[in-house]
Amino acid sequence: MAANQGGRTRRRLSTQERREQLLSVGARLFSDNPYDDVWIEQVAEIAGVSRGLLYHYFPTKRDFFAAVVERESERMLRMTAAVPGVPVRAQLAAGLDTFLEYVRAHAHGYRAFHRADAAGDQAVRRVYQRALAAQERQILAALAADPEFGPAFEARPEVRLAVRGWLAFTTSVCLEWLRDAELSRDQVRELCARALLGVLTP
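Going by the numbering used here, the first residue of the sequence shown is number 66, and it counts up by one from there.
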């Protein structure tokens, strides 16, 4: 425990806790600002750490933003993972509910994740594109294993492109929903569910 000047004690953060703190600060900053407008000094000041400590965790701003993007990607993949043996149609609404709750609860992280696509740094954009590809593979794997939709992959090669388009559609809907929550979560869920089922159903 370390003592501050007021005589109170504050708990020293573990390595993982400090890293999470820094990534949360980064998510807020990258959510509201273009990549080039975020400075490492800002992150260190908000987090209450030295710039040297921040560089100890993330050697460059590129590494830092890439870590923010990867953290959000991992969260989304965990929350939207398919349940083996359960038909896609049966778990679609519940999966979208979980995803939309994540979007609302982690709005800064979600916006920061998708800002990576506009980053001028090609290495950061590649991290983002790999993350999108992982989401696409997860959805395609669930559909391929589904008794109803699995056969469509052989008969309709455009399904893969349709899923990619649906991801882009869902992203646009969610970002707009965060800007102006005119629709309820249930309405957004139904909109996204109908869009996916529409492209999958001949």
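Cβ coordinates follow ideal geometry from the N, Cα and C atoms, glycine included.
Since we're looking at a predicted model, the values are computed, not measured.
Roughly how far, in whole angstroms, is the beta-carbon of residue i from the beta-carbon of residue j, given that I think they are within contact range, below 8 Å?
{"i": "Ala181", "j": "Tyr193", "result": "4 Å"}
{"i": "Leu87", "j": "Leu119", "result": "6 Å"}
{"i": "Ala207", "j": "Val153", "result": "6 Å"}
Could you give the first and the last residue of the continuous alpha helix (DSSP H) run that contains residue i?
{"i": "Gly185", "result": "Taken as a continuous stretch (DSSP letters only), Gly185 belongs to no alpha helix (DSSP H), as it is neither H nor E."}
{"i": "Leu157", "result": "Val153 to Ala170"}
{"i": "Tyr122", "result": "Arg116 to Tyr122"}
{"i": "Val90", "result": "Thr80 to Asp97"}
{"i": "Asp251", "result": "Arg250 to Leu265"}
{"i": "Asp102", "result": "Asp102 -> no alpha helix (DSSP H), and no H or E assigned at all."}
{"i": "Phe130", "result": "Lys126 to Met144"}
Taking only three categories from DSSP, how would you classify residue i?
{"i": "Asp245", "result": "coil"}
{"i": "Glu213", "result": "coil"}
{"i": "Ala147", "result": "coil"}
{"i": "Arg221", "result": "coil"}
{"i": "Gly230", "result": "helix"}
>> Can you confirm whether the stretch 190–205 touches the stretch 123–136 when touching is taken to mean that 3 or more C-beta pairs between the two stretches lie within less than 8 Å?
In response: yes
> Taking one C-beta from the stretch 173–189 and one from the stretch 90–106 each time, how about it: are there three or more such pairs within less than 8 Å?
Replying inline: Because the criterion of three Cβ pairs below 8 Å is met, the stretch 173–189 and the stretch 90–106 touch.
> Would you call the stretch 143–159 and the stretch 222–239 touching, i.e. three or more CB-CB distances under 8 Å?
Replying inline: no
> Does the count of Cβ pairs from the stretch 243–261 and the stretch 158–167 closer than 8 Å reach three?
Replying inline: yes
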